[in-house]
Amino acid sequence: MKDMLRAVTAGHPKKLRKSLWYTILSYLVNIVPFGISIEVVHIVFAAWSAGGAPDMAKLWGLCALLFGWLIVMYAAEVPAYRACYRDAYSASARGRVELAEKLRKLPLGYFARRDPGDLVNMIMGDFLLLETAISHQVPQMVGGLVLPVIAFVGLCFWNPPMAIAMFVSLPAGALVLLLSTRLQNRLSQKHMRAKIDAGNRIQEYMNGIRVIKACNLTGERFARMESAFQGFMRESIRIEAALGPFAMLAISLIRLGLTLMIVLGVHLMIGGTLDPLTFVAFLIVGTRVYDPLTAALLNFFVFRYSTQAGKRILRLMEEPEMSGEGDAPERHDIELKNVTFGYGGEPVLRDVSLTFPQGKLTALVGPSGCGKTTLMKVMARFYDPQSGTVLFGGADERGLDPEKLMRRISFVFQDVYLFRDTVRNNIAFGREGATEAEVEEAAKRACAHDFIMRLPQGYDTMVGEGGSTLSGGEKQRISIARALLKNAPVVLLDEATASLDPENEVEVQRAVNALVEGRTVVVIAHKLRTTQNADNIVVMEAGRVVDQGRHAELLERGGLYARLWTLQNESVGWSLTGD
Ligand SMILES: Nc1ncnc2c1ncn2[C@@H]1O[C@H](COP(=O)(O)OP(=O)(O)OP(=O)(O)O)[C@@H](O)[C@H]1O
Numbered sequence: 001m002k003d004m005l006r007a008v009t010a011g012h013p014k015k016l017r018k019s020l021w022y023t024i025l026s027y028l029v030n031i032v033p034f035g036i037s038i039e040v041v042h043i044v045f046a047a048w049s050a051g052g053a054p055d056m057a058k059l060w061g062l063c064a065l066l067f068g069w070l071i072v073m074y075a076a077e078v079p080a081y082r083a084c085y086r087d088a089y090s091a092s093a094r095g096r097v098e099l100a101e102k103l104r105k106l107p108l109g110y111f112a113r114r115d116p117g118d119l120v121n122m123i124m125g126d127f128l129l130l131e132t133a134i135s136h137q138v139p140q141m142v143g144g145l146v147l148p149v150i151a152f153v154g155l156c157f158w159n160p161p162m163a164i165a166m167f168v169s170l171p172a173g174a175l176v177l178l179l180s181t182r183l184q185n186r187l188s189q190k191h192m193r194a195k196i197d198a199g200n201r202i203q204e205y206m207n208g209i210r211v212i213k214a215c216n217l218t219g220e221r222f223a224r225m226e227s228a229f230q231g232f233m234r235e236s237i238r239i240e241a242a243l244g245p246f247a248m249l250a251i252s253l254i255r256l257g258l259t260l261m262i263v264l265g266v267h268l269m270i271g272g273t274l275d276p277l278t279f280v281a282f283l284i285v286g287t288r289v290y291d292p293l294t295a296a297l298l299n300f301f302v303f304r305y306s307t308q309a310g311k312r313i314l315r316l317m318e319e320p321e322m323s324g325e326g327d328a329p330e331r332h333d334i335e336l337k338n339v340t341f342g343y344g345g346e347p348v349l350r351d352v353s354l355t356f357p358q359g360k361l362t363a364l365v366g367p368s369g370c371g372k373t374t375l376m377k378v379m380a381r382f383y384d385p386q387s388g389t390v391l392f393g394g395a396d397e398r399g400l401d402p403e404k405l406m407r408r409i410s411f412v413f414q415d416v417y418l419f420r421d422t423v424r425n426n427i428a429f430g431r432e433g434a435t436e437a438e439v440e441e442a443a444k445r446a447c448a449h450d451f452i453m454r455l456p457q458g459y460d461t462m463v464g465e466g467g468s469t470l471s472g473g474e475k476q477r478i479s480i481a482r483a484l485l486k487n488a489p490v491v492l493l494d495e496a497t498a499s500l501d502p503e504n505e506v507e508v509q510r511a512v513n514a515l516v517e518g519r520t521v522v523v524i525a526h527k528l529r530t531t532q533n534a535d536n537i538v539v540m541e542a543g544r545v546v547d548q549g550r551h552a553e554l555l556e557r558g559g560l561y562a563r564l565w566t567l568q569n570e571s572v573g574w575s576l577t578g579d
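For the sequence shown, the residue numbers in UniProt numbering are 1 to 579.
Okay, structure coming up:
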């Protein structure tokens, strides 16, 4: 149970304390009407047996007490309600932020192993389950147990055999509940996996909606999604079908107590050892006590399911973060020593040793898929190498705090991501606290100011998620403006000029020139002519460095670079034909 409470509170079980105390208090207050009802029956019954009229003053007194109880109950319920619901929602809001912060600190390799839809589902769906568990299931379970325990103790003083008869079948119900634990855990995990899978597929469907439309794939024909929904449906039916009988059996066993008590009561009354008033009192308590017990039991099944969501969150919170606490040195040359790295299968970088001197421009060239982007990601410590070392300013990057390291590096990706926000804020992400003037200055240097001013609301124009409302070249220039604003001494630039039209290409090239000025720059050059003047050109093939030098030297050697150069020059003249 301790583990379950830890899971359901995402590792903070103490947060439940306040709401539990309030819940217990409010259920204790709820016992009062039992006592009053029994007393009313007693007065009426006594008068009836004596053949006289009931004591009306006493009855009115009890009515007043009942009214007073209503006020006290209201006063106890309000803080209980607040404690349960407000605490639950604020705890899960805090938990979501903690989880998002955790994700930021995890190595990128972790995300390659997990579907993004899975993580979204965890942040939204799993926390929603925990919210409901904390705000509804735990209080109802506790309340459902408090009342019967107090009733049992109280009734034991009154008539022990009747009290025992009322609760004798409770352990059997609890045993059924326990016996279903393993089955429920197994089915809950499967159900949750199926739910996540269905969520992932719908996300994939939405992300790929353009391809789906272009290929005329209707929802039904999009087989992966349909089969995920079918799987989810099957698991939902399976869990209900398997656990339903356990729940019904446990409820029936618990309620069996009422039957046993009535049978015993009738038997004792006939034998003359039980007075009718006690019997009626037991009936009153009996009919009231089983409802909260049944609710507690049903809530326990849902609660146990929710703990699976909590366990998933806890597992993620325990994932090792990227290590290192040191400050990045002032010097900012980068050196790779015998670096080997892969994404899990075959190595993508093989024994790479390279130096990127401070203040120099180094170009990475090579066929598609040879590992250029991967090399940059390893340099920026998005990943740690499997063997070898990456030195930043002479210090092993593994010992540096990844956040401090990233303050020294600007990374301009080929596939620019813009947030669903204004153009201004998308640029301002480059540096916290940047002023409007600084944002505009960066945009001007990145050749983005003019097109931004042509947008409907200028810098305040919203861009779609991923930047879908802007062209490729415009997005590139915004990301370059972001990097200019960040003003880091090292720039890693995955050039995207290959896919741009000539006008955009010239603008992006001018923006790039502004960015590289006076910095240590590593650029992936898809068009070799853009980096002819680089201080060093590194030629890569199948994860290895096969050559390096200046443009003229490499051409002279007649190796891979010379072949790529010839190929690109030939392709400049190609055109589509209708033949
Ligand atoms: N996140 C990833 N998980 C698994 N494999 C990956 C991942 N990213 C890249 N790869 C693989 O690593 C290899 C090198 O990819 P990389 O993007 O570094 O090449 P590149 O030289 O930059 O290619 P391009 O010039 O086409 O951008 C490829 O085979 C690619 O499929």
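Quick reminder that beta carbons are idealized off the backbone N, C-alpha and C, glycines included.
The model shown is predicted, which means the values in this text are computed figures rather than measured ones.
(request) On a CA-only basis, which of Ala88, Val176, Thr566, Leu560 is nearest Pro367? Give me that one, please. (result) Within the sequence shown, residue 367 is the residue found at index 367, counting from 1. Looking at the Cα atoms, Leu560 is the closest of the given residues.
(message) Give the list of continuous beta strand (DSSP E) stretches no shorter than 3 residues that lie fully inside the region 399-433.
(response) DSSP assignment within the region 399-433 yields the following whole beta strand (DSSP E) runs of 3 residues or more, N-terminal first: 409-412.
(message) Please state the DSSP three-state secondary structure of Ser387.
(response) As a first step, residue 387 must be located in the sequence shown, where it is residue number 387. In the structure shown, the three-state DSSP call for Ser387 is strand.
(message) Could you give the first and the last residue of the continuous alpha helix (DSSP H) run that contains Thr469?
(response) Counting from one through the sequence shown, the residue named residue 469 turns up at place 469. Boundaries for Thr469: no alpha helix (DSSP H) harbours it, and the DSSP string shows neither H nor E there.
(message) In the DSSP output, which residue or residues are listed as bridge partners for Ala363?
(response) Taking the first residue of the sequence shown as position 1, residue 363 is located at position 363. Ala363 is bridged by DSSP to Val523, Ile537.
(message) Which of the three DSSP states is assigned to Asn200 in this structure?
(response) Within the sequence shown, numbered from 1, the residue matching residue 200 stands at position 200. Asn200: helix per DSSP, three-state reduction.
(request) Could you check the C-alpha separation between Arg304 and Gly125 for me, to the nearest Å? (result) As a first step, residue 304 is located in the sequence shown; it is residue number 304 there, counting from the start. As a first step, residue 125 is located in the sequence shown; it is residue number 125 there, counting from the start. Distance between the alpha carbons of Arg304 and Gly125 is about 16 Å.
(message) Once DSSP output is grouped into helix, strand and coil, what is the label at Ser19?
(response) In the sequence shown, the residue the question calls residue 19 occupies position 19. Ser19 falls in the helix class under three-state DSSP.
(request) Could you please go through the chain and list the residues whose beta-carbon is closer than 5 Å to any non-hydrogen atom of ligand 1? (result) The filter returns Ala112, Tyr343, Val348, Ser368, Gly369, Cys370, Gly371, Lys372, Thr373, Thr374, in chain order.
(request) Determine which residues share a DSSP beta bridge with Pro347 and list them. (result) For this step, residue 347 is matched to residue 347 along the sequence shown. In DSSP, Pro347 forms a bridge with Gly342.
(request) Would you tell me roughly how many angstroms separate the C-alpha atoms of Phe356 and Thr531, rounded to the nearest one? (result) As a first step, residue 356 must be located in the sequence shown, where it is residue number 356. As a first step, residue 531 must be located in the sequence shown, where it is residue number 531. About 15 Å.
(request) Quick one: grab the DSSP three-state call for Ala395. (result) One-based indexing of the sequence shown puts residue 395 at position 395. Look at Ala395 here: in three-state DSSP terms it is strand.
(request) Indicate the three-state DSSP secondary structure (helix, strand or coil) for Phe67 in the structure shown. (result) Stepping through the sequence shown from its first residue, residue 67 is reached at position 67. Assignment of Phe67 by DSSP, reduced to helix, strand and coil, places it in the helix class.
(request) Take Val146 and list the residues in its own chain whose beta-carbon comes closer than 6 Å to its own, dropping the five residues that flank it on each side. (result) As a working mapping, residue 146 is identified with position 146 in the sequence shown. Answer for Val146: Ile24, Tyr27, listed in chain order.
(message) If I follow the unbroken alpha helix (DSSP H) through Gln457, where does it start and stop?
(response) Within the sequence shown, numbered from 1, the residue matching residue 457 stands at position 457. Note, Gln457: premise wrong, no alpha helix (DSSP H); not H, not E.
(message) Going by C-alpha to C-alpha distance, which of Ala488, Gly326, Val390, Leu298 sits closest to Asn338?
(response) The residue labelled residue 338 in the question sits at position 338 within the sequence shown. With distances taken between Cα atoms, Asn338 lies closest to Val390.
(request) Using the Cα positions of Met162 and Phe152, report the straight-line distance between them to the nearest angstrom. (result) Here residue 162 refers to the residue found at position 162 of the sequence shown. Here residue 152 refers to the residue found at position 152 of the sequence shown. Distance between the alpha carbons of Met162 and Phe152: 10 Å.
(message) Quick check on the DSSP output: the alpha helix (DSSP H) that includes Val168 runs from which residue to which?
(response) Residue numbering aside, residue 168 sits at position 168 when the sequence shown is read from its first letter. Run containing Val168: none; DSSP gives neither H nor E here.
(message) Please report the distance separating the alpha-carbon of Val439 from that of Arg424.
(response) By 1-based counting over the sequence shown, the position of residue 439 is 439. By 1-based counting over the sequence shown, the position of residue 424 is 424. Going by the C-alpha atoms only, they are around 7 Å apart.
(request) Jot down the residue ranges of each uninterrupted alpha helix (DSSP H) in the region 229-294, minimum 4 residues, whole runs only, in chain order. (result) The qualifying runs do not exist here; there are none.
(request) Could you tell me how far apart the beta carbons of Gly117 and Gln203 are, in whole angstroms, since I believe they sit closer than 8 Å? (result) One-based indexing of the sequence shown puts residue 117 at position 117. One-based indexing of the sequence shown puts residue 203 at position 203. With a contact defined as Cβ atoms closer than 8 Å, Gly117 and Gln203 qualify at about 4 Å.
(message) By the DSSP assignment, the alpha helix (DSSP H) with Arg113 in it spans what residues?
(response) The residue given as residue 113 occupies position 113 in the sequence shown. Per DSSP, Arg113 belongs to the alpha helix (DSSP H) from 108-113.
(request) Look at the alpha carbon of Ala172 and the alpha carbon of Ala250, and state the distance between them as a whole number of angstroms. (result) What you label residue 172 is simply residue 172 of the sequence shown in a count that begins at 1. What you label residue 250 is simply residue 250 of the sequence shown in a count that begins at 1. Answer to the nearest angstrom: the Cα atoms are 7 Å apart.
(message) Under DSSP, the alpha helix (DSSP H) around Arg544 begins and ends at which residues?
(response) The residue given as residue 544 occupies position 544 in the sequence shown. For Arg544, there is no enclosing alpha helix (DSSP H); the enclosing beta strand (DSSP E) covers residues 544-549.
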